[in-house]
Structures are given as structure tokens and as C-alpha cells.
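Numbering of the sequence shown is given in the working numbering, commencing with residue 105 and proceeding in unit increments. Heads up, the thing below is written out as C-alpha cells.
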Amino acid sequence: MLAEITAHDISLGKSFRGDLSVPENEALLFVNSYERVARGLYLRDATFELLSRDLVKSAYPFDALGKAYWKRLHEDYKTFGDDKVHEDAGVIARRAEYRRLENAQNENYPNDYGVCDYPEQILEKFPKLAEDPRRFLIMFMKFSKKDQPSRDGWRWEKWGNYVGEQETLADYLADEPHIEQVYSFHIFELKPLPEGIEEVHGE
């Protein structure tokens, strides 16, 4: 099912805000100013505020491998640096294997994160998300070509599989001849609401 950010969730988030002592391996939901697109679909900006880890059951509900992969990649960034990490043969091999396993996942569900053309497209392509009894919350960020810098801007390979319908022809969004904007998404599985709390969007 598609979850809402309820008043209960917001109250937990407010009590948790600013607590930066949380271990990095804890599942966290990051959100600052967000816009509700539809049930369970929220658009956020690039600055973060913490909502309680008590809300999030898993940041990788479909892909436990992804959690291990990204943890290793963060370590690789520390080892090789931003400029050299994607040139290392070991990093390249791990990324290729991870992408192969990503593509072999159950076709009824998307990967935990990726890129789409617009938020509602995720439910159009993967209606099982709305039927699943688990509580899913999908966070989106919009990236527009017109806002991209002349170098080192948004690039496809860092954001997961693309599930949209547009033709991709370049490494960087700034260089795409036909694509004006895309959305990244991340699917979180939330913990069940306490008994008596309704699944209603809170303010």
C-alpha cells in the first residue's frame, strides 16, 4: 500500500530533528520541505531534515544487496576520491555485477531507487506497490536540464535504473538533446502505524 506522512509521523520527526548521533547504518528517512503529489508520493528538495528512524522499517525493501553495495561504494569514495573512484577496476566490476543483479529483479517491483519521467509513472509501471500490504513511501527529487551547470552536473549512472520512456543519449542531463527533466526516486518501507492511527496525510 502507499503510505501517507501522517500527523503521527510528523510528531516523531520533530522530536528526532537535529539528532546527528544516529549510526550511519540505521535506516533513516530524510525530508525537509516536501510537496505531496499523491497518496504515498512526495516531492522533496535537496536539503535534508531527519525524520525518526522509528518510522522506517527499511530503506531497501526490495534490494538488500543494494545496501551492501552502497556501503562499499562510500568506502571506495574515501579510498580513491571523487575523481578516481570510477576509474578503479574493482569498483567498475562491482558496479557491473550490481547492475546485472538489479535488472534480474522481480518485474512486479522497481528497484529501491532509480529515475523516472514523472512521479506517477512508478505506480503506472508497478501497480503492485499499491496492492502490497506493506507501507511504502516514495520520495522524489526533480532535476531539470536548464538548472544544470556546464560541467559535473547530474549524470545517469549515479542514480540507479531509468524506468522512463524517453531516449537517453548522453552521460549528463545537461547534454541530453531531447530530455528536459527527470525525477529520481527512493522507496522506503515504513513501520506499521500504531493501532488507532489512521493513514491520513498530516500537516
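We put the CB at the ideal spot given by N, CA and C, even for glycine. All figures in this text were calculated on a predicted structure; none of them were measured in a lab.
Once DSSP output is grouped into helix, strand and coil, what is the label at F244?
DSSP places F244 in the strand class (E or B) of the three-state scheme.
Whole-angstrom C-beta distance between L145 and P223, which should lie under 8 Å:
5 Å between Cβ atoms; contact.
Neighbourhood of E284 by C-beta distance below 6 Å, restricted to the same chain and skipping five residues each side
Cβ contact annotation for E284 (same chain, cutoff 6 Å, sequence separation greater than five): K249, in chain order.
Helix, strand or coil for H290 per DSSP?
In the structure shown, H290 sits in a strand (DSSP, three-state: E or B).
Can you tell which of E261, F230, D180 and M245 has the C-alpha that lies nearest to the C-alpha of V141?
Nearest C-alpha to V141: M245.
So that I know if they touch, is there some Cβ in chain B lying closer than 8 Å to that of R176?
Going by chain labels, chain B is absent from the structure shown, which holds only one protein chain.
According to DSSP, is Q285 part of a helix, a strand, or is it coil?
Strand.
Just the C-alpha distance for F230 and G218, rounded to the nearest angstrom, thanks.
A straight-line Cα-Cα distance of about 13 Å links F230 and G218.
Thinking just about the alpha-carbon of each residue, which of L277, M243 and I226 is nearest to the one in P253?
The shortest C-alpha separation from P253 is found at L277.
Using DSSP's beta-bridge definition, name the partner residues of A142.
Note: A142 sits in a beta bridge opposite L145.
Which residues does DSSP pair with Y276 in a beta bridge?
Y276 is bridged by DSSP to R259.
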